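Each number in this note's numbering corresponds to the 1-based position in the sequence shown with 270 added. Every residue, glycine too, gets a C-beta built ideally from N, C-alpha and C. These numbers come from a predicted model, not from an experiment. Notes for the one structure printed next.
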Amino acid sequence: MTKNSKITYKEFKTAINKLKYPDSWFWCRYTINPYSGCAHTCIYCDARSDRYYLSQDFETEVIVKSNIDKNLDQRIKRSRTLLPDVIGPGGVCDAYQPIESEVENTLKILRVIKKHNFPVNIATKSNLITRDVDILNKIAKDTWCTVG
Numbered sequence: 271m272t273k274n275s276k277i278t279y280k281e282f283k284t285a286i287n288k289l290k291y292p293d294s295w296f297w298c299r300y301t302i303n304p305y306s307g308c309a310h311t312c313i314y315c316d317a318r319s320d321r322y323y324l325s326q327d328f329e330t331e332v333i334v335k336s337n338i339d340k341n342l343d344q345r346i347k348r349s350r351t352l353l354p355d356v357i358g359p360g361g362v363c364d365a366y367q368p369i370e371s372e373v374e375n376t377l378k379i380l381r382v383i384k385k386h387n388f389p390v391n392i393a394t395k396s397n398l399i400t401r402d403v404d405i406l407n408k409i410a411k412d413t414w415c416t417v418g
């Protein structure tokens with residue numbers, strides 16, 4: 271985590287975003303962001319430059335979505351329109367940014383994804399993803415999983 275990052279915990283009403291068309295770059299139909307904001311501050315990040323109309327300072331405030339795993343699980347259970355298709359964690363943030371080592375939102379999301387047999391595609395610059403190799407292998411065995 272960067273020295274100047276402010277961490278806030280907040281409950282969100284929605285967890286998963288259904289794209290109108292599958293993303294041709296990341297091969298996903300759904301996105302889920304375990305955090306709002308990103309401490310990596312990558313100069314090339316389109317989320318950082320566009321900030322996707324986020325009100326907070328994208329690089330210095332990271333909002334932890336404290337109920338995201340329960341919200342995702344309920345959404346999938348209740349939905350008649352969410353067909354198993356690729357979920358991309360971290361479309362507007364790195365799902366494995368430094369706060370993930372403490373909060374484990376991405377790991378919790380992966381457990382829900384595994385439970386409901388959805389495939390996953392993760393793009394990250396962090397080696398923290400190695401912590402989750404076991405569950406990623408299980409997802410890959412049952413459905414499909416890519417990491418970039």
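Residue from the options with nearest C-alpha to residue i
i: A285; options: C308, D293, Y291, V334; result: V334
i: C363; options: A309, S294, L289; result: A309
i: Q367; options: K280, R401, K411, R350; result: R401
i: K347; options: H386, I277, I302; result: H386
i: E269; options: T351, N303, S275, K411; result: Lying outside 271 to 418, the shown extent of the chain, residue 269 is not represented and no answer is given.
Unbroken beta strand (DSSP E) run spanning residue i, endpoints
i: E331; result: 331-335
i: T278; result: 276-280
i: K288; result: 286-293
i: C298; result: 298-302
CB-CB length for residue i against residue j, believed under 8 Å
i: I357; j: Y300; result: 5 Å
contact_flag[the stretch 378-391, the stretch 336-345] where n(CB pairs < 8 Å) is 3 or more: Touching, yes.
Length at least 3, wholly inside the stretch 345-417: the beta strand (DSSP E) runs in chain order: 357-359, 390-392, 415-417
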